[in-house]
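If you read the protein sequences in the order shown, they are chains A and B.
Here this note's numbering runs 263 ahead of the position in the first sequence, where the first position is 1.
Anchor point for the second sequence: position 27 equals 14 in this note's numbering, and the numbering is continuous, going up by one each time.
See below for the structure under consideration.
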Amino acid sequence: MRRSTLSAWAFVHKWTSLICTLFLLMLCVTGLPLIFHDEIDEALNTQTWRPAHPEGPLLDYDAILARALHNRPGEVPLFMSFDIDRPVVNVTTGPRPDAAAGEMHFASFDHTSGELVAPSNGDGGLMDFLLQLHTDMFLGLPGMLLLGAMGVLFILAVISGIVLYAPFMRKLDFGTLRTTRSARLAWLDHHNLLGVVTVAWVLVVGFTGVINTLATPILDYWKADQLADLTAQHQGGTIAPGQFTSVHAAIAAAEAAAPGMTLQFVAFPGGAFSTDAHIAVFLHGRTPLTEHLITPVLVDAQSGRVVGLREMPWYAKALSLSQPLHFGDYGGLPLKILWTLLDLLTIFVLVSGLYLWLARSRGDARSDVLDALANGDGAK
Amino acid sequence: MKPKPGSGRSIAAIFAMPTLLACLSLAGLIAALVGNDIWDVLSWFALAGPVAIVIWAILARRR
């Protein structure tokens, strides 16, 4: 490669890295505990909950819904969701079908007895704090998009780093760590080795992280485009709350229409995820790959008949598959531990990169790459 | 590609190990996604590759 080309890559590497490094350090550090989100929540939650009848039959969803509405007189049902690892049904109610998030009331019920389940006392909000810092730095959508832009710069830094790896390694065997000559060479060799071995992982986590920062626009577009399309075909007037068909029957009909899928979420008529005349039932697949892929089934709220079903469009699938690949929570505890180690290696690459810049030789017009070339390492 | 005398290692030689590790990592990332049990175990071994190489280099490649 020509010297001018290399120095252009060096320029890209230096500036993309410098701009994104502090953000990436924050993301790597807050990401560490988030890998173990479930384990930490479980360890800090002092309440142990057991179903009233562990082996007993499950209640009808209508009975759970009646219980929830009885506790909240005058309210209407908005959503129903289902815990994955315990027989718990969550019901969200509100004063009106289009109630704002702040007016909603969330309650959990034992699926075997209908009794209220106390909310988890959790970690006092520590994990939520870290998650929000990691997601948007408490800046909402602009914060998410800013972190997405930093992710793009980071990807460019990694790619330029791969290009720059070559001139440094002309005279060195893979894995060589020159630790005795100078501190700078030792940091440089560690930076290059750790950077190059983590390349694939870091690109996947970085790229899926960038996709996750686009979650809000992607979901908004999905709702506006496909769900609106599906619901527009089946407008059928407004149904007053209380005149719905059995939600239990609606769920059963939806499950029959999408065999082999697991129930995830129910949206009642009038809310943001349904129409005025339909109950929307959201189901997902059962393998690690498909459990993130959601199929909405629209059920007529009066007749209880399935009127439509639509798979996620590709962009919503891409978002859904980006989540496990970013969080590393899809392959058991050993995968989480490996995620931690690779994250730590990445932190080392970031810190050593910063060191190499801070401890750069005077008159930096000649960068390391050019020095490497000048020493004959990459000359013809 | 055979390196010319004095020109150092070829691009292919320089990137042989990094490419192998990248393929191993990607295989690991995908394996845990497509299945459970044996697929998870495969992903652990594959993703342990890059970490093991770093440990190997620190133990055996210092000079």
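Ideal placement from N, C-alpha and C gives every residue a C-beta, glycine not left out.
Per DSSP, the continuous alpha helix (DSSP H) segment holding A:Asp483 begins and ends at Ala478 to Trp485. Sorting A:Val468, A:Val570 and A:Leu584 by C-alpha distance to the C-alpha of A:Pro576 places A:Leu584 at the top.
Secondary structure within the region 388 to 468 of chain A: the alpha helix (DSSP H) runs of 4 or more consecutive residues, fully enclosed, are 389 to 399, 403 to 432 and 446 to 460 (chain order).
Within chain B, not a single residue places a beta-carbon under 7 Å from that of A:Leu297; the smallest gap is close to 18 Å.
With a beta-carbon spacing of about 15 Å, A:Val467 and A:Leu287 fall beyond the 8 Å limit used to define contacts. C-alpha of A:Pro430 to C-alpha of A:Met524: approximately 52 Å in a straight line. One thing to note: A:Gly458 has its Cβ within 8 Å of the Cβ of A:Gly424.
Rounded to the nearest angstrom, the gap between the Cα atoms of A:Phe342 and A:Ala362 is 11 Å. When C-beta distances to chain A are compared with 9 Å, the residues of the region 19 to 39 of chain B below that value are Ala19, Leu20, Val21, Gly22, Asn23, Trp26, Asp27, Val28, Ser30, Trp31, Leu34, Ala35, Gly36, Pro37 and Val38, in chain order.
Chain B has a Cβ within less than 8 Å of the Cβ of A:Val459. Taking 3 residues as the shortest admissible run, the region 520 to 553 of chain A contains the following complete beta strand (DSSP E) segments, listed from N- to C-terminal end: 525 to 530 and 541 to 547.
If the five residues before and after A:Asp325 are omitted, its C-beta is found closer than 7 Å to the C-beta atoms of Ser509, Val510 and His511, all from its own chain and listed in chain order.
Rounded to whole angstroms, the gap between the alpha carbons of A:Glu574 and A:Thr609 is 37 Å. If you draw a straight line from the Cα of A:His368 to the Cα of A:Thr476, it is about 28 Å long. Taking a beta-carbon distance threshold of 8 Å, A:Gly616 does not count as an interface residue toward chain B. For A:Ala315, the CB contacts under 8 Å within the same chain, skipping 5 residues up- and downstream, are Asp373, Thr375, Ser376 and Glu378 in chain order.
Proximity of chain B to A:Met432 at the Cβ level (cut-off 8 Å) is accounted for by Arg(-4) and Ile1, in chain order. Rounded to whole angstroms, the separation of the alpha carbons of A:Ala521 and A:Ser566 is 19 Å.
One finds Ala463 and Val467 in chain A with Cβ atoms closer than 8 Å to the Cβ of B:Leu13, taken in chain order. Counting the other Cβ atoms within 10 Å of the Cβ of A:Gly294 gives 16 or more, which makes it buried. Rounded to the nearest whole angstrom, the CA to CA distance from B:Phe2 to B:Arg(-4) is 10 Å. Exclusion of the five residues before and after A:Phe528 leaves Phe342, Ser344 and Phe545 as the residues of its chain whose Cβ lies within less than 7 Å of its Cβ. Residue burial is scored here from C-beta neighbours: B:Arg50 has fewer than 16 other C-beta atoms within 10 angstroms and is therefore classed as exposed.
Here the alpha carbons of A:Asn353 and A:Val380 stand approximately 9 Å from one another.
At a cut-off of 8 Å, the C-beta of B:Leu46 has no neighbouring C-beta in chain A. For A:His333, the closest C-alpha among the options A:Asp304, A:Leu604 and A:Gly357 is that of A:Gly357. Against chain B, the CB of A:Leu448 has no partner CB under 8 Å away; the residue lies outside that interface. Contact note: A:Phe437 reaches chain B through Ile1, Ala3, Met4 and Pro5, using a C-beta cutoff of 8 Å and chain order. Listed as beta-bridge partners of A:Ser566 by DSSP are no residues whatsoever. From the beta-carbon of A:Thr311, no residue of chain B is found nearer than 9 Å; the closest lies around 27 Å away. Under the three-state reduction of DSSP, A:Pro314 is assigned to coil, being neither helix nor strand. Taking 8 Å as the CB threshold, A:Ala579 stays off the interface with chain B. In the three-state scheme derived from DSSP, where H, G and I count as helix and E and B as strand, A:Pro320 is classed as coil. Within the model, the alpha-carbon separation for A:Ala420 versus A:Trp485 is close to 32 Å. Against A:Thr538, chain B offers no close residue; the least beta-carbon distance is about 34 Å (beta-carbon pairs closer than 9 Å).
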